[in-house]
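S.K.:
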Amino acid sequence: MIYLFQINLNQVVMKKIAVLFILFFSFYFSYSQNEVEKGLDALTMESIKGQLGFLASDWTEGRSVGTKGAYMAADYIASMFELYGVKPFGDEVYSQPTRSQRMAGIRPEASNTYYQNFSLVQYEPGAEQKFSVVSSSPGSESAIDFVYQTDFSVNTGTVGQTAQAGLVFAGYAFSDDDAGYDDLEKIDLKGKIAVVLPGYPGYKDSSSTGFEKFEPDGRWAQYRRERDKRDRLAEAGAIAIIQLNPGTDPTLNWSQNRIYPVKGNYYEADEPLSSYYTTRMALPGKEIGSNVPTFVVTERVGNAIISGTGVDIEAFEQEVANDLKPQSKLLNGKSVAFKTTVNSEIVKARNVVGIIEGEKKDEYIVVGGHYDHLGKHDGWIWNGADDNASGTVGVMSIAKAFKATGKKPERSVIFAAWTGEEKGLYGSRYFVDQAKENDMNVVLNLNYDMIARDTEGDSAKNQASMSYTKANYNIEETTKKFIDQYDINLDLSYSPSERPSGGSDHAPFAAEDIPIFYFMAAMHPDYHQPSDELDKVNWDKMLDIIRIGFLNTWEFANSDDWMRTKVQPEED
54 MIYLFQINLN QVVMKKIAVL FILFFSFYFS YSQNEVEKGL DALTMESIKG QLGFLASDWT
114 EGRSVGTKGA YMAADYIASM FELYGVKPFG DEVYSQPTRS QRMAGIRPEA SNTYYQNFSL
174 VQYEPGAEQK FSVVSSSPGS ESAIDFVYQT DFSVNTGTVG QTAQAGLVFA GYAFSDDDAG
234 YDDLEKIDLK GKIAVVLPGY PGYKDSSSTG FEKFEPDGRW AQYRRERDKR DRLAEAGAIA
294 IIQLNPGTDP TLNWSQNRIY PVKGNYYEAD EPLSSYYTTR MALPGKEIGS NVPTFVVTER
354 VGNAIISGTG VDIEAFEQEV ANDLKPQSKL LNGKSVAFKT TVNSEIVKAR NVVGIIEGEK
414 KDEYIVVGGH YDHLGKHDGW IWNGADDNAS GTVGVMSIAK AFKATGKKPE RSVIFAAWTG
474 EEKGLYGSRY FVDQAKENDM NVVLNLNYDM IARDTEGDSA KNQASMSYTK ANYNIEETTK
534 KFIDQYDINL DLSYSPSERP SGGSDHAPFA AEDIPIFYFM AAMHPDYHQP SDELDKVNWD
594 KMLDIIRIGF LNTWEFANSD DWMRTKVQPE ED
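Here the numbering used here runs 53 ahead of the position in the sequence shown, where the first position is 1.
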């Protein structure tokens, strides 16, 4: 009897111990599960639908930089940051005690807001623009004066300019290091006016060597290539750019008479709608900086420029298409005198910036996406549901998930909604400039831009792309690991490059050699159209892109593995 009692007692004790072990490990696994799982659980379909529904509503009037709608959107984003417990990381302001408070000894106190305020110069060409082609020979000089929007148009710089300078034919102003081709390599453009062609060697002949080597990956890549020419020519010292357009007639865009109604993709009217692109913007900066006007000229102006210089445009294009030998040269005896005028005004703008402090307070990851879009014109609203209310919701959602983990990350994480992206990445540029000026140690940037749509060929409705800094190869490996581990339905294409560029807000970070990773779901026909609306959003894809963004960022904020690179450090 005693023996049986002891056996039963031992069994009871063992069962209690087993229960304690189960409870202990359940608590342990639930706790560790749980930083990441709690974060993922905070990412809900209801939340992203509610937030995107407001940001892309008519109330925010397209969120064009500096407008009432953009300020309303910024206030909403800031309120979400505050709701989630994300601390403000914008401008420092001081409280203003009342007279009685000051008499009681209360002094102004400094605190941060959620807003990083800055100014932009908004500008457009003025009414007076002059352009004359000057031909010189020993003992004589003659000038032909051309007429604005009859013979030429101009994209001005931020200030007016008057100059006369010699001309340099710079081919396509194109370069490709791998092919050893550079139109600018053997010419001096300093203080000169560059005369250039659109495109690249061989772009008119699909059977040419140049076309095979240099064909861009789609029209957007070609658009970016053309846009970047201006910066490259300015860096080389050109004071103005003249773009020749052989075989095309730019005057068709300048005609003043409207015989038939204007037919757009979504409207028909007697006159074209006013456009977001009528004006341009720039950061004022501390210097005039790049102020290079670009003139688009008719064929007769182009012929007046090259006449007598020995340049044959047609022969050049045929020859360079296959021999890939630049023919850039000074155009002796030719110069252009021009005068540009500018109408400008200052526009106040603001980023929305919050922070979750890490154990390493002064080491930062920046999670960002732009909240501005194209605004409201003639009663039409460009709501920009995908571009980029979707990415803005992604930024707010990751902030929410970080707080939901209940754990302080190792690195500090800044959450930023940029403005001014559509005008030239100005919100992110301003932030990066200020971070550099203040010696902030920014180690990584996640950029979300257009994360909610499908291409026409995406039958599975799960395709997206991720660009990242090539040296940081573990970014791709980590992404693949989490997609598999958490069964995330994304078919990602990966695009590593040494210094990722392009027309989105990762570019200013990459330009300062800060590693980036950047998600985009799709380019689609509603891009920059009023039809970019909520009813076309792929909610499942959007949520999955937010989930992988959170998983990656949480990992990168709490580990160093992703920082390993394939680049050998330079020896001292």
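Yeah, the Cβ is synthetic: ideal placement off N, Cα and C, and Gly gets one too. The structure presented is a predicted model; accordingly, all values stated were derived computationally and were not measured.
For W615, which of helix, strand or coil comes out of DSSP?
M.R.: The residue given as residue 615 occupies position 562 in the sequence shown. Helix, per DSSP.
S.K.: Just mark Y417 as buried or exposed, buried being the case when its beta carbon has 16 or more other beta carbons within 10 Å.
M.R.: Here residue 417 corresponds to residue number 364 of the sequence shown, with the count starting at 1. The residue is buried, with at least 16 neighbouring Cβ atoms inside 10 Å.
S.K.: For a test of the three-state rule: what should DSSP assign to V364, helix, strand or coil?
M.R.: Taking the sequence shown and counting its residues from 1, one reaches residue 364 at position 311. Coil, per DSSP.
S.K.: If you draw a straight line from the C-alpha of E475 to the C-alpha of G106, how long is it?
M.R.: Taking the sequence shown and counting its residues from 1, one reaches residue 475 at position 422. Taking the sequence shown and counting its residues from 1, one reaches residue 106 at position 53. Going by the C-alpha atoms only, they are around 21 Å apart.
S.K.: Going by DSSP, which residues form a beta bridge with S328?
M.R.: Walking along the sequence shown from the start, residue 328 turns up at place 275. Bridge partners of S328: none, in fact.
S.K.: Who are the near neighbours of A196 in its chain, counting only those whose CB is closer than 6 Å to its CB and skipping five residues on each side?
M.R.: For the purposes of this step, residue 196 is identified with residue 143 of the sequence shown, where counting begins at 1. Excluding sequence positions up to five before and after A196, its CB lies within less than 6 Å of the CB of S185, V187, all in the same chain and listed in chain order.
S.K.: Pick out the complete beta strand (DSSP E) segments inside the segment 170–219, 3 residues or longer, and give them in chain order.
M.R.: 183–190, 193–199, 205–208
S.K.: Can you name, in chain order, every residue of its own chain whose Cβ lies under 6 Å from the Cβ of Y521, other than the five neighbours on each side?
M.R.: Position 468 of the sequence shown, counted from the first residue, corresponds to residue 521. Same-chain partners within the cutoff: I528, P549, F570.
S.K.: Let me make sure I understand the geometry here. Which of K339, A180, V495, E398 has the alpha-carbon closest to that of F562?
M.R.: Locating residue 562 in the sequence shown gives position 509, counting from the first residue. Of the listed residues, the one whose Cα sits closest to F562 is V495.
S.K.: Bridge partners for Y129 per DSSP, in chain order?
M.R.: The residue you call residue 129 lines up with position 76 of the sequence shown. The partner list for Y129 (beta bridge, DSSP) is empty, contrary to what the question assumes.
S.K.: Please report the straight-line C-alpha distance between F74 and V485, rounded to a whole angstrom.
M.R.: Counting from 1 along the sequence shown, the entry for residue 74 is found at position 21. Counting from 1 along the sequence shown, the entry for residue 485 is found at position 432. Any answer about F74 is weak, because its pLDDT of 48 lies below 50 and its placement is not dependable; what the coordinates show is given next. Approximately 51 Å, taken between the alpha carbons.
S.K.: So A127 packs on R403, CB below 8 Å; how close in whole Å?
M.R.: What you label residue 127 is simply residue 74 of the sequence shown in a count that begins at 1. What you label residue 403 is simply residue 350 of the sequence shown in a count that begins at 1. With 8 Å as the limit, A127 and R403 qualify as a contact, their Cβ atoms being about 6 Å apart.
S.K.: If you draw a straight line from the C-alpha of M300 to the C-alpha of L242, how long is it?
M.R.: Stepping through the sequence shown from its first residue, residue 300 is reached at position 247. Stepping through the sequence shown from its first residue, residue 242 is reached at position 189. In the sequence as displayed, the identity of residue 300 is Gly instead of Met. Computed Cα separation, rounded: 26 Å.
S.K.: Using CA coordinates, which residue listed in T211, D614, R552 is at the minimum distance from E340?
M.R.: Taking the sequence shown and counting its residues from 1, one reaches residue 340 at position 287. Ranking T211, D614, R552 by CA distance to the CA of E340 puts T211 first.
S.K.: How would you label L76, buried or exposed, when you count the other beta carbons within 10 angstroms and need 16 or more for buried?
M.R.: By 1-based counting over the sequence shown, the position of residue 76 is 23. Summary for L76: the model assigns pLDDT 46, below 50, so the residue's position carries little reliability; its value from the coordinates is reported in the next sentence. By the neighbour-count rule (16 or more Cβ atoms within 10 Å), L76 is not buried but exposed.
S.K.: Report the three-state DSSP secondary structure of A357 (helix, strand or coil).
M.R.: Within the sequence shown, numbered from 1, the residue matching residue 357 stands at position 304. Note: A357 maps to helix in three-state DSSP.
S.K.: Give the straight-line distance between the Cα atoms of K378 and I504, rounded to the nearest whole angstrom.
M.R.: Here residue 378 refers to the residue found at position 325 of the sequence shown. Here residue 504 refers to the residue found at position 451 of the sequence shown. If I take the Cα positions, the gap works out to 42 Å.
S.K.: Distance, Cα to Cα, G407 vs V400?
M.R.: The residue labelled residue 407 in the question sits at position 354 within the sequence shown. The residue labelled residue 400 in the question sits at position 347 within the sequence shown. The alpha-carbon atoms of G407 and V400 are separated by roughly 23 Å.
S.K.: Assuming V354 contacts D204 under a Cβ cut-off of 8 Å, what Cβ separation, rounded to an integer in Å, is found between them?
M.R.: Residue 354 sits at position 301 when you count from the first residue of the sequence shown. Residue 204 sits at position 151 when you count from the first residue of the sequence shown. V354 to D204, Cβ: 5 Å. Contact.
S.K.: Just curious, the beta strand (DSSP E) that M503 is in, first and last residue?
M.R.: The count along the sequence shown starts at 1 and reaches residue 503 at position 450. That residue, M503, is in no beta strand (DSSP E); it is neither H nor E in DSSP.
S.K.: So what's V345 in DSSP terms, helix, strand or just coil?
M.R.: Here residue 345 refers to the residue found at position 292 when the sequence shown is read from its first residue. DSSP places V345 in coil when its eight states are reduced to three.
S.K.: To which residues of the same chain is R277 closer than 7 Å at the C-beta, ignoring the five residues directly before and after it?
M.R.: As a first step, residue 277 is located in the sequence shown; it is residue number 224 there, counting from the start. These residues qualify, in order along the chain: G555, G556.
S.K.: CA-CA distance, F369 and L384?
M.R.: To locate residue 369, count along the sequence shown from 1; it is residue 316. To locate residue 384, count along the sequence shown from 1; it is residue 331. Rounded to whole angstroms, F369 to L384 spans 15 Å at the Cα level.
S.K.: Excluding the five sequence neighbours on either side, which residues of its own chain have a C-beta within less than 8 Å of the C-beta of F603, listed in chain order?
M.R.: Translated into positions along the sequence shown, residue 603 becomes position 550. G92, L93, L96, S450, I451, A454, F455.
S.K.: Check whether the Cβ atoms of Y167 and F134 lie closer than 8 Å to each other.
M.R.: Residue numbering aside, residue 167 sits at position 114 when the sequence shown is read from its first letter. Residue numbering aside, residue 134 sits at position 81 when the sequence shown is read from its first letter. Taking 8 Å as the Cβ cut-off, Y167 and F134 qualify as a contacting pair.
S.K.: Rounded to whole angstroms, what's the CA-CA distance from D585 to V221? Just pull it up for me.
M.R.: Position 532 of the sequence shown, counting from 1, holds the residue named residue 585. Position 168 of the sequence shown, counting from 1, holds the residue named residue 221. Computed Cα separation, rounded: 43 Å.
S.K.: Use the C-beta contact count for I312: other C-beta atoms within 10 angstroms, 16 or more gives buried, fewer gives exposed.
M.R.: Walking along the sequence shown from the start, residue 312 turns up at place 259. By the Cβ-count criterion, I312 is exposed, with fewer than 16 other Cβ atoms from all chains shown falling within 10 Å of its own Cβ.
S.K.: Which of the three DSSP states is assigned to T301 in this structure?
M.R.: Position 248 of the sequence shown, counted from the first residue, corresponds to residue 301. Coil.
S.K.: What does the alpha-carbon distance come out to for the pair Q371 and L305?
M.R.: The residue given as residue 371 occupies position 318 in the sequence shown. The residue given as residue 305 occupies position 252 in the sequence shown. Taking the straight line joining both Cα atoms gives about 27 Å.
S.K.: Tell me whether S550 sits in a helix, a strand or coil according to DSSP, three-state version.
M.R.: Residue 550 sits at position 497 when you count from the first residue of the sequence shown. The three-state reading of DSSP puts S550 in strand, counting E and B together.
S.K.: Short of 8 Å in beta carbon distance, which residues of its chain neighbour H430, apart from the five on each side in sequence? Order them along the chain.
M.R.: Locating residue 430 in the sequence shown gives position 377, counting from the first residue. Here H430 has L326, S327, S328, Y329 as same chain residues with Cβ atoms under 8 Å from its own Cβ, once five neighbours each way along the sequence are excluded.
S.K.: In the structure shown, what three-state DSSP assignment does M449 receive?
M.R.: Working through the sequence shown from its first residue, we reach residue 449 at position 396. M449: helix per DSSP, three-state reduction.
S.K.: Check this for me: beta carbons of D235 and A374, under 8 Å apart or not?
M.R.: Taking the first residue of the sequence shown as 1, we reach residue 235 at position 182. Taking the first residue of the sequence shown as 1, we reach residue 374 at position 321. The answer is no: Cβ separation not under 8 Å.
S.K.: Could you pull the DSSP bridge partners for S164 from this structure?
M.R.: As a working mapping, residue 164 is identified with position 111 in the sequence shown. Under DSSP, S164 shares a beta bridge with V146.
S.K.: Under a three-way DSSP split, which group does A95 fall into?
M.R.: In the sequence shown, the residue the question calls residue 95 occupies position 42. Note: A95 maps to coil in three-state DSSP.
S.K.: Looking at the unbroken beta strand (DSSP E) that takes in W273, where does it start and where does it end?
M.R.: Within the sequence shown, the letter at position 220 stands for residue 273. Counting along the chain, W273 falls outside any beta strand (DSSP E), though it belongs to the alpha helix (DSSP H) covering 272–288.
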